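Going by the UniProt record's numbering, 66 is the number at position 66 of the sequence shown; the sequence numbering is gapless. Glycine included, C-beta positions come from ideal geometry on N, C-alpha and C. All of these numbers come straight from a predicted model, not from anything done at the bench. Okay, so here's the structure we're looking at.
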Amino acid sequence: MASTARSDQLTALGTARPGGPGALAGRSVSRVGYGAMQLPRLDRDAAISLLRQAADLGVDHVDTAHFYGNGFANEVIAAALRPEDDVLVVSKVGAEPATGGRIPLRLAQRPEQLRAGVEDNLRSLELDRIPLVNLRRADHGPGLRAEGDQIVDLDDQLAVMTELRDEGKIGAIGLSSVSLDALRHALPAGIACVQNAYSLVSRDDEDLVRLCLAEGIAWVPYFPLGGAYAGLPKVTEEPAVVAAARTLGVSAAQVGLAWLLHHTPNTLLIPGTADAEHLRANVDAGAVTLDEATLAALGAVPSRSGDIETR
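The structure is reproduced here in structure tokens:
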């Protein structure tokens with residue numbers, strides 16, 4: 001047992017796991033992962049280089065989607081990551097690329113669209129099986145709202161996701177942008193992961209976080225620093241966060257990420273960046289220790305809701 005515990009502290013490349021080991025879809029991963037949404041900002045070579053740096057730093061959990069750059073993020077992940085890296089690739093469905101609109105995606109919630117989305121991800125990731133696929137709903141949190149034929153019953157969506165799992169095309173099912181009641185309803189399907197917008201300054205889903213902890217479900221918050229878009233409060237602008245960063249000699253962003261890791265042991269992070277320096281800073285946030293006084297000061301920061309129109 002001691003040998004197994006020691007091995008969980010290291011990735012397949014022998015690198016210490018940033019943030020320590022966490023559990024996702026039945027395996028150990030580093031608690032600090034990487035979100036691929038910003039990869040399309042880079043050219044192909046730069047994106048591949050950034051992903052290689054992430055793996056070398058101990059990141060072995062990458063979150064992506066075919067609709068990130070219309071397959072670009074997935075394609076560079078397939079090119080950059082090697083089998084010996086043993087990186088757990090997580091994707092999502094529920095939206096699809098769109099051109100000509102104000103935002104580069106539209107909802108794709110119908111069961112046949114979810115199946116097509118999994119097939120798109122399999123093709124662009126060059127995989128026969130995706131270890132975990134998140135169903136991105138459209139009825140909770142910031143983002144697009146379903147209208148017309150995009151208003152789909154959760155049971156119908158879970159049925160096709162379960163079929164895909166039974167067929168071996170996906171390994172596990174996750175949910176994104178879901179309410180507390182929706183998660184409770186979905187539990188019998190076997191949910192491995194929940195991704196909702198959540199940060200120190202936006203903690204409306206606290207009851208959902210606690211349900212995930214009780215059920216052994218990984219909690220993977222997106223927008224972990226709040227306002228990546230207009231309309232959401234920013235963690236890095238909170239006086240208590242700025243004060244803690246100054247005292248600890250780290251950045252405000254690192255304090256915000258470290259708080260999430262301290263908050264619950266089932267929390268995994270997927271901060272995204274297109275910058276190598278920011279990537280290293282995000283990884284280093286896994287080593288930031290917050291004492292009780294700092295945690296109390298941060299816990300007193302009020303939670304505030306915001307709204308945006310895209311993810």
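Check whether Leu279 and Gln53 have beta carbons under 8 Å apart: Reading the sequence shown from its first residue, position 279 is the one you call residue 279. Reading the sequence shown from its first residue, position 53 is the one you call residue 53. Less than 8 Å separates the beta-carbon of Leu279 from that of Gln53.
Below 8 Å on the Cβ atoms is my guess for Gly143 versus Ser199; work out the distance and round it to an integer in Å. Numbered from 1 along the sequence shown, position 143 holds the residue referred to as residue 143. Numbered from 1 along the sequence shown, position 199 holds the residue referred to as residue 199. At roughly 15 Å, the Cβ-Cβ gap does not stay under 8 Å, so Gly143 and Ser199 are not in contact.
What is the DSSP secondary structure of Arg311, counted as helix, strand or coil? As a first step, residue 311 must be located in the sequence shown, where it is residue number 311. Because the pLDDT of Arg311 is 39, which lies under 50, any placement of that residue in the model is unreliable, and the number read from its coordinates should be weighed accordingly. Shown here, Arg311 sits in coil according to DSSP, grouped into three states, outside any helix or strand.
Inter-residue spacing [alpha-carbon to alpha-carbon] between residue 339 and Gln254: The structure shown has nothing for residue 339, since the chain only spans 1 to 311.
Is Ala218 near Ala16, with beta carbons less than 8 Å apart? Within the sequence shown, residue 218 is the residue found at index 218, counting from 1. Within the sequence shown, residue 16 is the residue found at index 16, counting from 1. One thing to note: Ala218 has its Cβ no nearer than 8 Å to the Cβ of Ala16.
Which partner residues of Asp63 appear in the DSSP bridge assignment? Indexing the sequence shown from 1 puts residue 63 at position 63. Bridge partners of Asp63: Gly35 and Val90.
If you draw a straight line from the C-alpha of Leu248 to the C-alpha of Leu295, how long is it? Residue mapping note: residue 248 aligns to position 248 of the sequence shown, counting from 1. Residue mapping note: residue 295 aligns to position 295 of the sequence shown, counting from 1. Cα-Cα distance, rounded: 13 Å.
Rounded to whole angstroms, how far is the Cβ of Gln195 from the Cβ of Val220, which I believe are closer than 8 Å? Sequence index remark: in the sequence shown, residue 195 carries index 195 (1-based). Sequence index remark: in the sequence shown, residue 220 carries index 220 (1-based). For Gln195 against Val220, the beta-carbon gap comes to about 5 Å, under 8 Å, which counts as contact.
Inter-residue CB distance, Pro233 and Arg304 (contact presumed, cutoff 8 Å): Taking the sequence shown and counting its residues from 1, the one referred to as residue 233 is at position 233. Taking the sequence shown and counting its residues from 1, the one referred to as residue 304 is at position 304. Yes, they are in contact, since the Cβ atoms of Pro233 and Arg304 sit about 5 Å apart, within 8 Å.
Measuring CA to CA, which of Leu154, Glu167 and Asp204 is closest to Pro188? The residue given as residue 188 occupies position 188 in the sequence shown. Out of Leu154, Glu167 and Asp204, Leu154 has the C-alpha closest to the C-alpha of Pro188.
Which runs of the alpha helix (DSSP H), 4 residues or longer, sit entirely within the region 110-179? Runs of the alpha helix (DSSP H) inside the region 110-179: 111-125 and 154-166.
Let's see if you can read the secondary structure: which residues bound the alpha helix (DSSP H) around Val283? Locating residue 283 in the sequence shown gives position 283, counting from the first residue. Annotation: the continuous alpha helix (DSSP H) that includes Val283 extends over Ala276 to Asp284.
With DSSP as the reference, identify every bridge partner of Glu96, one or two as the case may be. As a first step, residue 96 must be located in the sequence shown, where it is residue number 96. Paired residue(s): Arg106.
Going straight from the alpha carbon of residue 313 to that of Met161, what length do you get? This structure does not reach residue 313, given that the chain is present from 1 up to 311, and the question cannot be answered.
Close-in-space but distant-in-sequence residues of the same chain around Glu277 (CB under 6 Å, 5 per side omitted): In the sequence shown, the residue the question calls residue 277 occupies position 277. Counting only Cβ-Cβ distances below 6 Å, and skipping sequence neighbours, we find nothing.
Which class does Ser49 belong to by DSSP, given the choice of helix, strand or coil? Sequence index remark: in the sequence shown, residue 49 carries index 49 (1-based). Note: Ser49 maps to helix in three-state DSSP.
By Cβ distance, which residues of its chain are closer than 6 Å to Trp259, with the 5 residues on each side in sequence left out? Within the sequence shown, residue 259 is the residue found at index 259, counting from 1. Counting only Cβ-Cβ distances below 6 Å, and skipping sequence neighbours, we find Leu200 and Leu298.
Measuring only the C-alpha atoms, how far is Asp207 from Arg115? Walking along the sequence shown from the start, residue 207 turns up at place 207. Walking along the sequence shown from the start, residue 115 turns up at place 115. As the crow flies, the alpha-carbon of Asp207 is around 31 Å from that of Arg115.
Residue span of the alpha helix (DSSP H) that contains Val241, given as start and end: The count along the sequence shown starts at 1 and reaches residue 241 at position 241. Pro239 to Leu248 is the span of the alpha helix (DSSP H), which, as asked, contains Val241.
Could you give the residue range of the beta strand (DSSP E) that holds Glu225? In the sequence shown, counting from the first residue as 1, residue 225 sits at position 225. Reading the sequence as shown, one finds Leu at residue 225 and not Glu. Counting along the chain, Leu225 falls outside any beta strand (DSSP E), and DSSP gives it neither H nor E.
Delimiting residues of the beta strand (DSSP E) encompassing Ile191: Position 191 of the sequence shown, counting from 1, holds the residue named residue 191. Residues Ile191 to Gln195.
Got a sec: is the Cβ-Cβ distance from Pro233 to anything in chain D below 8 Å? Among the chains in the structure shown there is no chain D, since it carries only a single protein chain.
For Ala274 and Arg41, which I take to be in contact (beta-carbon distance under 8 Å), what is that distance rounded to the nearest angstrom? Taking the sequence shown and counting its residues from 1, the one referred to as residue 274 is at position 274. Taking the sequence shown and counting its residues from 1, the one referred to as residue 41 is at position 41. Under the criterion of beta carbons closer than 8 Å, Ala274 and Arg41 qualify as touching, at roughly 4 Å.
Can you grab the Cα-Cα spacing for the pair Leu10 / Gly19, in whole Å? On the sequence shown, residue 10 is found 10 positions in, with the first residue counted as 1. On the sequence shown, residue 19 is found 19 positions in, with the first residue counted as 1. Between Leu10 and Gly19, the alpha-carbon positions lie close to 11 Å from each other.
Reference Ala36; option with closest CA among Thr289, Gly216 and Thr64: Indexing the sequence shown from 1 puts residue 36 at position 36. Ranking the options by Cα distance to Ala36, first place goes to Thr64.
Determine whether the beta carbon atoms of Ile170 and Arg129 lie at a separation below 8 Å. As a first step, residue 170 is located in the sequence shown; it is residue number 170 there, counting from the start. As a first step, residue 129 is located in the sequence shown; it is residue number 129 there, counting from the start. A contact, by the Cβ cut-off of 8 Å.
Thr267 by DSSP, collapsed to three states: which one? Indexing the sequence shown from 1 puts residue 267 at position 267. The three-state reading of DSSP puts Thr267 in strand, counting E and B together.
Sheet register partners of Gly272 (DSSP bridge): On the sequence shown, residue 272 is found 272 positions in, with the first residue counted as 1. According to DSSP, Gly272 bridges with Gly35.
Shortest alpha-carbon distance to Ser124 belongs to which of His66, Ile173 and Gly148? Here residue 124 refers to the residue found at position 124 of the sequence shown. Minimum Cα distance to Ser124 is reached at His66.
Host beta strand (DSSP E) of Val201 (start-end): Within the sequence shown, numbered from 1, the residue matching residue 201 stands at position 201. Neither: Val201 is in no beta strand (DSSP E) and is coded neither H nor E.
Short of 6 Å in beta carbon distance, which residues of its chain neighbour Arg311, apart from the five on each side in sequence? Order them along the chain. Translated into the one-based positions of the sequence shown, residue 311 becomes position 311. Model confidence at Arg311 stands at a pLDDT of 39, short of 50, so the residue's coordinates are unreliable; what they give is reported in the following sentence. Around Arg311, the same chain offers Gly143 as residues with beta carbons nearer than 6 Å, after the five sequence neighbours per side are excluded.
Under the assumption that Gly141 contacts Ala197 (Cβ atoms under 8 Å), give the Cβ distance between them as a whole number of angstroms. On the sequence shown, position 141 is the one that residue 141 refers to. On the sequence shown, position 197 is the one that residue 197 refers to. Gly141 to Ala197, Cβ: 5 Å. Contact.
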